[in-house]
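K.L.:
The letter at position 223 of the sequence shown is residue 223 when you use full-length UniProt numbering, and the numbering goes up by one with no holes.
Here it is, the structure, as structure tokens.
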Amino acid sequence: TPSDIQHSAAYSDLRVLHDDPLCIEARSYDVDPTCPPLSFVAKYGCGICAVNPYNPILKVCKLSQLTTELVTVYSTDGRNPTFGANFPFGTEMVISCAPSNIYTSFPKDVFGVVAFSWSAMAFPKQFKNPDVTDKFALCLATTSSTVGVSFLGEGLFLLYGFTDVGNGVSCLAFIDGGSGVKNGIVIMTYQMENNFLYFDLVNQKLGFSSSLLARGTSCGSFNFTELPLTN
Numbered sequence: 001t002p003s004d005i006q007h008s009a010a011y012s013d014l015r016v017l018h019d020d021p022l023c024i025e026a027r028s029y030d031v032d033p034t035c036p037p038l039s040f041v042a043k044y045g046c047g048i049c050a051v052n053p054y055n056p057i058l059k060v061c062k063l064s065q066l067t068t069e070l071v072t073v074y075s076t077d078g079r080n081p082t083f084g085a086n087f088p089f090g091t092e093m094v095i096s097c098a099p100s101n102i103y104t105s106f107p108k109d110v111f112g113v114v115a116f117s118w119s120a121m122a123f124p125k126q127f128k129n130p131d132v133t134d135k136f137a138l139c140l141a142t143t144s145s146t147v148g149v150s151f152l153g154e155g156l157f158l159l160y161g162f163t164d165v166g167n168g169v170s171c172l173a174f175i176d177g178g179s180g181v182k183n184g185i186v187i188m189t190y191q192m193e194n195n196f197l198y199f200d201l202v203n204q205k206l207g208f209s210s211s212l213l214a215r216g217t218s219c220g221s222f223n224f225t226e227l228p229l230t231n
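Dropping the structure here:
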């Protein structure tokens, strides 16, 4: 409804227009057929880029708009974070806002989703930096009270007591999901907790550490003490 659009627009003044290449890219992906139609927005003449934020767990889809927001991202030497090049202003990222009822299934204090994929709209891709766009690492903590960490680009990655991947061999169990699955590989978050995973999209490889707890450390052991930015 028009009220949904106005609610979303209140989050940012930097709206993406319907004929912007970013809008065309965002609307090129398949959405659930039960989502509200995007075509009706044009009759209001506002020129916004209407999109459908979708929660695949609840199968809830709402009408929103594509917009931009400034996101603070830190650089790191693998040991500590430092302020990024655009601090304190942040890096402009393309997002879509969504009403609160679309993320009721999310864990406490989680209010959004970012994509790590080959898509041009994925979080790493929006940096438009060849050093960080096609490789990233994820290390998820066991509880929401502990902060995990994500790295964009190549390491060194350091956690207390561990150096966030070596040349050893570990085992990860797989099961056949059958011919009807939509995704080629699915790794559930429970299996990802306190495992350091390194995704190399260039070479289509996944590196993983096995449990960090057995190595005397965890995904919450990255030192988030900020270091001053030096020239």
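Note that beta-carbon positions come from the ideal geometry of N, C-alpha and C, so glycine has one too.
The model shown is predicted, which means the values in this text are computed figures rather than measured ones.
Rounding to the nearest angstrom, what Cα-Cα distance links Leu38 and Arg15 in this structure?
P.N.:
Cα to Cα, the separation comes out at about 16 Å.
K.L.:
Would you call the CB atoms of Ser150 and Asp109 closer than 7 Å?
P.N.:
Contact: no.
K.L.:
Can you tell me which of Glu193, Glu69, Ser179, Asn195 puts its alpha carbon nearest to the alpha carbon of Ser96?
P.N.:
When each option's Cα is compared against that of Ser96, the closest is Glu69.
K.L.:
My output table needs one value for Ile24: the three-state DSSP class, helix, strand or coil.
P.N.:
Helix at Ile24.
K.L.:
Please tell me whether Ser62 and Pro56 are closer than 7 Å, where the distance is taken between their beta carbons.
P.N.:
The residue asked about is misnamed: residue 62 is Lys in this sequence, not Ser. No, these two residues do not count as a Cβ contact at 7 Å.
K.L.:
Buried or exposed: Lys107, going by 16 or more other Cβ atoms within 10 Å of its Cβ?
P.N.:
Looking at the sequence shown, residue 107 is not Lys but Pro. Pro107 should be labelled exposed.
K.L.:
For Cys46, name the three-state secondary structure that DSSP assigns.
P.N.:
It is coil, neither helix nor strand.
K.L.:
If distances are taken between C-alpha atoms only, which option among Asp20, Pro81, Phe199, Val51 comes closest to Glu226?
P.N.:
For the residues Asp20, Pro81, Phe199, Val51, the minimum Cα distance to Glu226 belongs to Pro81.
K.L.:
Enumerate, from N- to C-terminal direction, the unbroken beta strand (DSSP E) stretches of 3 or more residues contained entirely within the UniProt domain "Xylanase inhibitor N-terminal" (46–153).
P.N.:
As far as the UniProt domain "Xylanase inhibitor N-terminal" (46–153) is concerned, its whole beta strand (DSSP E) runs of at least 3 residues are 64–71, 91–96, 135–139, 149–152.
K.L.:
Which residues in the same chain as residue 236 place their Cβ atom closer than 7 Å to its Cβ, once the five residues preceding and following it in sequence are excluded?
P.N.:
Residue coverage of the chain in this structure runs from 1 to 231, which leaves residue 236 outside it and unanswerable.
K.L.:
By the DSSP assignment, the alpha helix (DSSP H) with Tyr29 in it spans what residues?
P.N.:
Neither: Tyr29 is in no alpha helix (DSSP H) and is coded neither H nor E.
K.L.:
Touching or not, the segment 173–182 and the segment 108–122, by the rule of three or more beta carbon pairs under 8 Å?
P.N.:
Touching, no, given that fewer than three Cβ pairs across the two stretches are closer than 8 Å.
K.L.:
Can you tell me whether Ser210 is helix, strand or coil according to DSSP?
P.N.:
Three-state result, Ser210: strand.
K.L.:
Between which residues of its own chain and Asp134 is the CB-CB distance below 8 Å, once the five residues before and five after are set aside?
P.N.:
Counting only Cβ-Cβ distances below 8 Å, and skipping sequence neighbours, we find Pro124, Asp200, Leu201, Val202.
K.L.:
For Thr34, which residues in the same chain have their Cβ closer than 8 Å to its Cβ, ignoring the five residues on either side in sequence?
P.N.:
Excluding residues within five positions, the ones whose Cβ falls inside 8 Å are Lys59, Cys61.
K.L.:
State yes or no: is the C-beta of Leu158 within less than 7 Å of the C-beta of Gly78?
P.N.:
Cβ atoms of Leu158 and Gly78: closer than 7 Å.
K.L.:
With burial defined as no fewer than 16 other Cβ atoms inside 10 Å of the residue's Cβ, what is the status of Thr67: buried or exposed?
P.N.:
With 16 or more Cβ atoms within 10 Å of its Cβ, Thr67 is classed as buried.
K.L.:
With 16 other CB atoms within 10 Å as the buried threshold, where does Thr76 fall?
P.N.:
When all chains shown are included, Thr76 counts as buried.
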